[in-house]
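Down below is the structure, laid out as structure tokens.
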Amino acid sequence: MAKTPRIQDIALLAEVAPSTVSHVLNGTAPISPEVSQRILSAARELGYLAKRRRKAAVALLPTVLLSASEANFPKSDRNYVSWTMLNAFRQECRARSIRLIPHIDKGDKIIPESLVAAIEKHRPQGVAIMQDDGTDLIDAVHGLDPSIVILSGQDPSMRVDTVSPGNRFAAQMATDYLFQLGHRRVAHVTYGTRLIGQHRKYGFLDAYRASGYHMPPGAIIDVETFRPEIVTQKMLNWLAVQRRPLPFTAFFCSADNVAIGVMDALAKSGVKVPGDVSVLGFDNVEIGKRQNPPLSTVHVPMEEIGQVALNLLEEARTLPKNERSARRVELGCKIIVRGSTTGPHLG
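Residue numbers (full-length UniProt numbering): 1 to 347.
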């Protein structure tokens, strides 16, 4: 077990007296900026600041209700994004000694009336909503006493806190990456009506507008779902009516599960990846590494979403709701280059 950092440890590393460390951490006496910075750097390096914050969270946020749909809970390759986010959130609650109460609705949607009843029953200080940003749900809970945060979702009405990847900017970055490889005819394969998917589509369109390149007709392909087996069939139908060579040299997919279905359909249609076309995903799920070829993708920091969500819940408990504006936090993403992307085939 790792040793718990103490004031004396910080003092030793920063080469100051323990009393000086105490003054800096508690703001009880003026200390020179140089010494203060040295102490804070030592405290951060030793993990003292993170531990101190977690202790503070126990008083403000002893209980959190986690609301999700049944569809988000099974651990499977198809559910990797939800499961990774959920597991990281559980671990962060455990590290902060926060009691976590799960509330699971059947199906693929959270039922507003069911969540309101659970809040009334358990009286939590915070409520974390997993991947559901429906207007009816936000309408039902935003005025209630607990702090509310949506994980991997957005609230256009700006009434509750949200934390999500920077979907629009990341999608623009992903499309720009394909442009940099030399592709000019790029298709975006999307699904569903959730805001996250819509923002990824908007980022794709932003990249075309900023580039000055002409976007080919039919560049938005909607496969209606993220389930790879259904995506495969939808894409097989699309491929069956396309002339060769295909009208696109690259496919940017709004999720890795979609990309996996696209790659399967391409392989079954005799189209080589990346020899004939490139395929780029979004999320960086584990199964993407095991594809043939391994899937290039956009990495989403799923493990950080829960930590940021708890920070928002904690902060919200320090002010009355009518004195605090809702926060929208977006986390940075990055491109992971593997074997499914290369420059366009010129032959």
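All residues carry an ideal CB built from backbone N, CA and C; glycine is no exception. Just so we're clear, the structure is a prediction, and the values are computed from it rather than from any experiment.
Of the listed residues the options, nearest to residue i (C-alpha basis)
i      : options                           : result
Val308 : Gln198, Ser152, Val258 and Thr193 : Ser152
Ala171 : Pro146, Gly197, Pro320 and Thr193 : Gly197
Arg327 : Gly343, Leu266, Ile150 and Ile220 : Ile150
Asp108 : Ser67, Ile260, Asp155 and Pro344  : Ser67
Ser285 : Leu236, Gln242 and Ile336         : The residue you asked about is not Ser; residue 285 is Val in the sequence shown. When each option's Cα is compared against that of Val285, the closest is Ile336.
Leu65  : Leu115, Asn87, Glu92 and Ala17    : Leu115
Asp133 : Pro228, Ile111 and Arg99          : Ile111
Ile287 : Val16, Gly27, Val81 and Leu46     : Val81
Ala240 : Lys268, His214 and Gln125         : Lys268
Met173 : Pro156, Thr63 and Ala210          : Ala210
Thr297 : Arg324, Gly339, Thr318 and Glu323 : Gly339
Ile138 : Arg324, Ala88 and Pro156          : Pro156
Leu60  : Asn322, Glu314, Arg324 and Lys321 : Glu314
Glu45  : Asn26, Ile7, Ala17 and Pro33      : Ile7
Leu144 : Gly212, Phe89, Ile119 and Ala128  : Ile119
His122 : His103, Leu310 and Tyr208         : His103
Ala17  : Ser36, Pro124 and Leu319          : Ser36
Gly203 : Pro216, Pro217 and Asp176         : Asp176
Within 8 Å, strictly: CB atoms of residue i and residue j
i           : j      : result
Asp283      : Asp264 : no
Ile260      : Gln233 : no
Val300      : Cys333 : yes
Pro293      : Pro274 : yes
residue 409 : Arg243 : As shown, the chain starts at 1 and ends at 347. That puts residue 409 outside it, with no answer to give.
Thr63       : Arg94  : no
Tyr48       : Ile10  : yes
Ser97       : Ala316 : no
Glu34       : Leu310 : no
Ile220      : Lys201 : yes
Close beta carbons around residue i, own chain, < 8 Å, minus the five adjacent residues each side
i      : result
Ser41  : Ala14
Ala250 : Leu178, Leu181, His183, Arg185, Val186, Ala187, Val277, Ser278, Val279, Leu280, Thr341 and Pro344
Gly192 : Glu224, Thr225 and Phe226
Leu331 : Val163, Ser164, Pro165, Gly166, Val300, Pro301, Glu304, Ile305 and Val308
Ile31  : Thr20, His23, Val24 and Ile39
Val271 : Leu239, Leu246 and Val277
Leu195 : Asp133, Gly153, Gln154 and Pro156
Lys106 : Ser69 and Glu70
Val329 : Asp161, Thr162, Val163, Ser164, Val308 and Leu312
Beta-bridge partners of residue i, as assigned by DSSP
i      : result
Phe251 : Ala187 and Val279
Arg67  : The sequence given here has Ser at residue 67, not Arg. Answer by DSSP bridge pairing, in chain order: His103 and Ile129.
Ile148 : Val127
Val163 : Leu151 and Val329
Ser296 : Leu280
Lys334 : His299
Asp222 : Thr190
Close-in-space but distant-in-sequence residues of the same chain around residue i (CB under 6 Å, 5 per side omitted)
i      : result
Met1   : Low confidence applies to Met1: its pLDDT is 48, below 50, so where it sits in the model is not reliable enough to give any reading.
Asp161 : Val149, Leu312, Ala326 and Arg327
His199 : Asn167 and Arg168
Gly126 : Leu61, Val64, Pro146, Ser147 and Leu313
Close Cβ partners of residue i (< 7 Å) along its chain, the five nearest in sequence each way excluded
i           : result
Gln131      : Asn72, Ser82, Leu151, Ser152 and Gly153
residue 353 : Because residue 353 is not part of the residues shown, which for the chain are 1 to 347, the question remains open.
His142      : Ile148, Arg159 and Val160
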